[in-house]
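As you go down the protein sequences, you meet chains F and S in turn.
Those letters in the first sequence? Residues 15 to 577, by this note's numbering.
Those letters in the second sequence? Residues 51 to 362, by this note's numbering.
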Amino acid sequence: MKNIFRILFLILLFSACTKDYLQKYPLDKPSDQTFLSTPEEMEVASNALYNGLYWKWNWENTSTFFALDYGTDIGIRRPENAYTFPWVYSGQDASTGIFRNAWSVFYKNIERANYIIEKLPLSKENVDEGFYNRIMAEALWHRAFSYFYLTELFGDVPFIDKVLFNYNEAYSYQRTSKATIVISILKDLDFCIANLPDAWGGADYGRVSKATAGALKARIALYNEKWDVAANAAQTVMGLGIDLAPDYEKLFLYEGNQKPEVLLAIQYQKDNVYQSFPTIGGSLNVGGWSITMPTRSLVDSYECMDGLPISESPIFDPRNPYENRDPRLKATILTPGQWFCKSLFNIYDPITSQIVNGVTVAIKNQDFTYTGITTFTGFLQKKSIDPKDVYDNTIWNSQNATILFRYAEVLLTYAEAKVELNQFDQSVCDATINKIRSRVNMPAKNVGGLSQAQKRSLVRQERKIELALEGQRFFDIRRWKFAEHIMNNDYLIGRYKQSVLNGSLSVPRPTFDEWGISHYLNEKDLFEAIPLKFKFNKDRDYLWPIPQTEINVVPTLDQNPGY
Amino acid sequence: MSAEYYIRNTSDILYTEDVPLLVGLNGPKINAFKVKNSGIDLSLSSFKKFGDFSYEVRVNFDDVKNEVTDLYKKKEWISGNTISKVGFSMWSYYLFDTDGLLQKGETQSLTYAGRTPVAGDIKYVDQLTIDTNGDGIPDARDGKLLADDKVIVGSPIPRYNFSAEINLKYKMFDLSVFFQGVGKQDVLMTGMPAWAFDNSSGNIQTWMTDYWTPENPGASYPNLGLSNRYNYTPSNYWLRDGSYLRLKNIQVGFNVPDIYLKKLDISAIRFFVTGQNLLTFDKMPKGWDPETPNNSSYPILKTISGGLNITF
């Protein structure tokens, strides 16, 4: 009897095991077999795409998109091993870490996008079409964004448009031409423009929108000299009813984070994801490390308030060189003599002033000593450093969003494309350059009678000033093909020498060369030297090398010339 | 006395497959490498007693030679400053070769990190890397210092490990000493402990004061300077002999004779003084400890302590 029960029990046990019952997927988390079948999973997958925007290459915890401008003529980093970008002195090679980091960050994001692009169609019937298209568009946008940066930095790169579940295929990949990749991603962006919403609100704020897609398309087309495509894409964005934020300086602070001008910004979340630029770039007197330094060359390129360069303007006072200047100068750069974060930025005296509990007190001035850890150029970045972070003691874990796309860039793209198409007339100038200038009360430019070359300089000058230190200059000096002229310099000028400060030498006005770079006749008498030399090998340095470790694994990848 | 010779072949060493980064995913762990360890173990011990005096000596010597025998699909595996290659020890140092310091009057056109060397800079060696006559053997120099100019120059795996323990006893006194040493070890010095003013905020250490000047051509340190990635790059100039012999422990003790104890109803009283790491013979610069080769962990301390043990 006992055995019969036992046998019956066993029969019941095994007979229950039909195929369906064994095919169980986890209920508490997504399963690899079914992932991307529900709207929740699609949402989660699309969230992960935004990881690609947090491109950081070292412990500094600042956005690399932003930091690239500190490897150009307008900004340098502390001149020594661990900090300087090696390409400013042509010292990079294929094993330099940042190249591998960039390669890895973008290809990881491309994989995330490819996964969605490949798997989403399998569950098309589970969700409504609008939602489906939006998720697809977000994935296509991020893939386009990643390929855009890869092609700008490395030139031709392997073009992977599927998930390599069988990774053995990857060992023999070859590079696809940049032109082919660009055609493909521009086409993808048309889908994005058609299917992304005009704006996002609430918890979804920070996702890519129609305007972001248009702005990316305009940027890619501009960088690739497809002028009509760039102008059209920019015009699409200009038709969306977006306007410039009223205050240039505040746009980069907390209160500007969600202004309509911001088309895409890296969003941060308290204690979880944050950026540390206020520490990296800030003054030593308020707890910063002054690793990043805007150059005098950038400072000199700001016009005076009368719209004339400092080489010509009658209101330029060489004794007070930072007064009467384009307001964007003091909004972007901490110049000596400015009060910022309740502290007087002073590089010439051992004592400076700070407001403590409402009272001005003298403090030991850490920005004074001319050593390796104070600013060599005598300037610091102010743009995007919110004094609130200093007061709240959050200069390491700042939540201040990092702007990647903004409306002013779209206007500048439109202007530049129109110049190249030779269609840049006064009405285009008023709608773009003069609109941007009027925000900061700079006089309008009159382009009547100007040649195309003169208009080109005008637009490039405006772009350099408006977008300074936002990560565009790095690419601009490359696509304008004059990096070898401005990035070769044996004597980088730093702070004024004592002889200038005590008045025994007067400061002359600089002259500007055809690339808009200032020059002084006797610069070695006037300025301290920065222990750094700019060097640019035009046959090599326009592109980064393919990371050596990648070539080791994928021998079919050719290296870029010269590396 | 015992002696042992062994060969241990280890296969299927786990290794994360080098999936190309362009796949965007991390590689799986696979069983890949084979490594051969061949070594000897010698130990010798002796114990003798002559009346009130006794001694005990134990000496150990071991050596192991590590050799990669199979590297899966790879020709070589470079990781940072090290390389693993068939026929060489795992994680061999893979660095630029150098030929002392550039002296006054000498010139060298081999630029690196944007710097043309000046007197007092390290003299790097440009290896033969170009094959001009097509025989498959490189026979010309390219005039540049590139990754392919690195050579295998040593190994961080210590060889010829030695230890000796000696215990002496005479009447109520005892003495025990323990020595330990390594006969061959390469230490790569990098970063702030090795490079003066590295990161512009570092210090200069006393051993660096023997820096190069025209008056000090035989210096043990290059010329001093800020922001100098040319000199401050891992090369065999910074690879130092890390062999050492160290008195790890010494203890002198005195046991109070039993006759004094009986009255106190105590079974044992012992006084002792112990010293740790009191003596080291090594060739590293002052401040570098050969036992903590990367100089990054907490340094080995010299300790002297005394004690009294009473057992009731």
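Note that the Cβ used here is the ideal one computed from N, Cα and C, for glycine as well.
Residue i at chain S interface by Cβ criterion, 8 Å
{"i": "residue 573(F)", "result": "no"}
{"i": "residue 24(F)", "result": "For residue 24(F), the predicted structure reports a pLDDT of 48, less than 50, and the residue's modelled location is therefore unreliable. A value from the coordinates is still provided. No - not a single Cβ of chain S is within 8 Å of the one on residue 24(F)."}
{"i": "residue 268(F)", "result": "no"}
{"i": "residue 555(F)", "result": "no"}
{"i": "residue 32(F)", "result": "At residue 32(F) the pLDDT is 45, less than 50, meaning the model places this residue with poor confidence; the figure from the coordinates comes in the next sentence. No, residue 32(F) does not count as interfacial toward chain S."}
{"i": "residue 174(F)", "result": "yes"}
{"i": "residue 67(F)", "result": "no"}
{"i": "residue 520(F)", "result": "no"}
{"i": "residue 459(F)", "result": "no"}
{"i": "residue 304(F)", "result": "no"}
{"i": "residue 118(F)", "result": "yes"}
{"i": "residue 70(F)", "result": "no"}
{"i": "residue 12(F)", "result": "Residue numbering for chain F in the displayed model covers 15 to 577; residue 12(F) lies beyond these limits and cannot be assessed."}
Partners in chain F for residue i, counting only beta-carbon separations shorter than 8 Å
{"i": "residue 70(S)", "result": "181, 184, 185, 187, 564, 567, 568"}
Counted within 10 angstroms of its Cβ, other Cβ atoms place residue i as buried (16 or more) or exposed
{"i": "residue 533(F)", "result": "exposed"}
{"i": "residue 477(F)", "result": "buried"}
{"i": "residue 317(S)", "result": "exposed"}
{"i": "residue 544(F)", "result": "buried"}
{"i": "residue 204(S)", "result": "buried"}
{"i": "residue 130(F)", "result": "buried"}
{"i": "residue 184(S)", "result": "exposed"}
{"i": "residue 335(S)", "result": "buried"}
{"i": "residue 275(F)", "result": "buried"}
{"i": "residue 576(F)", "result": "exposed"}
{"i": "residue 155(S)", "result": "exposed"}
{"i": "residue 55(S)", "result": "exposed"}
{"i": "residue 393(F)", "result": "buried"}
{"i": "residue 358(S)", "result": "exposed"}
{"i": "residue 353(F)", "result": "exposed"}
For residue i: DSSP bridge partner residues
{"i": "residue 296(S)", "result": "230(S), 330(S)"}
{"i": "residue 307(F)", "result": "90(F)"}
{"i": "residue 470(F)", "result": "DSSP lists no partner for residue 470(F)."}
{"i": "residue 291(S)", "result": "236(S)"}
{"i": "residue 148(S)", "result": "174(S)"}
{"i": "residue 324(S)", "result": "301(S), 355(S)"}
{"i": "residue 106(S)", "result": "97(S), 217(S)"}
{"i": "residue 113(S)", "result": "90(S)"}
{"i": "residue 60(S)", "result": "85(S)"}
{"i": "residue 211(S)", "result": "112(S), 232(S)"}
{"i": "residue 224(F)", "result": "Answer by DSSP bridge pairing: none, since residue 224(F) is not bridged."}
{"i": "residue 336(F)", "result": "Its beta-bridge partners do not exist; DSSP assigns none."}
{"i": "residue 171(F)", "result": "190(F)"}
{"i": "residue 127(S)", "result": "134(S)"}
Interface flag, residue i vs chain F, CB-CB below 8 Å
{"i": "residue 75(S)", "result": "yes"}
{"i": "residue 191(S)", "result": "no"}
{"i": "residue 279(S)", "result": "yes"}
Chain-ordered chain S contacts of residue i [CB-CB under 8 Å]
{"i": "residue 125(F)", "result": "73, 74, 75"}
{"i": "residue 547(F)", "result": "164"}
Residue i: contacting residues in chain F (beta-carbon distance under 9 Å)
{"i": "residue 197(S)", "result": "107, 108, 109, 562"}
9 Å Cβ cut-off: residues of chain S touching residue i
{"i": "residue 104(F)", "result": "164"}
{"i": "residue 178(F)", "result": "69, 70, 72, 73, 74, 75"}
Under 7 Å by beta carbon: chain S residues contacting residue i
{"i": "residue 273(F)", "result": "The premise fails here: residue 273(F) is roughly 34 Å from chain S at the closest Cβ pair, so nothing lies under 7 Å."}
Min CB distance residue i to chain C below 8 Å
{"i": "residue 327(F)", "result": "Absent here is chain C; the protein component of the structure consists of chains F and S."}
Contact test: residue i Cβ vs the ligand GDP heavy atom, cutoff 7 Å
{"i": "residue 88(S)", "result": "In the structure on display, the ligand GDP does not appear, and there are no ligands present to speak of."}
The stretch 56-73 of chain F contacting the stretch 520-527 of chain F, beta-carbon criterion three pairs below 8 Å: Inter-segment contact for the stretch 56-73 of chain F and the stretch 520-527 of chain F is absent: fewer than three beta-carbon pairs are separated by less than 8 Å.
contact_flag[the stretch 272-284 of chain S, the stretch 298-316 of chain S] where n(CB pairs < 8 Å) is 3 or more: The stretch 272-284 of chain S is not in contact with the stretch 298-316 of chain S.
Contact between the stretch 242-261 of chain F and the stretch 414-426 of chain F is defined here as three or more beta-carbon pairs at a separation below 8 Å; is this criterion met? The stretch 242-261 of chain F is in contact with the stretch 414-426 of chain F.
Could you tell me whether the stretch 147-165 of chain S touches the stretch 63-72 of chain S, using the rule of 3 or more Cβ pairs below 8 Å? Not touching, per the Cβ criterion.
At least three beta-carbon pairs within less than 8 Å, the stretch 400-420 of chain F to the stretch 460-479 of chain F: The answer is no - the stretch 460-479 of chain F does not touch the stretch 400-420 of chain F, with fewer than three Cβ pairs under 8 Å.
Does the stretch 527-541 of chain F come close enough to the stretch 70-83 of chain F that 3 or more CB-CB pairs lie under 8 Å? The stretch 70-83 of chain F and the stretch 527-541 of chain F do not touch, with fewer than 3 CB-CB distances between them shorter than 8 Å.
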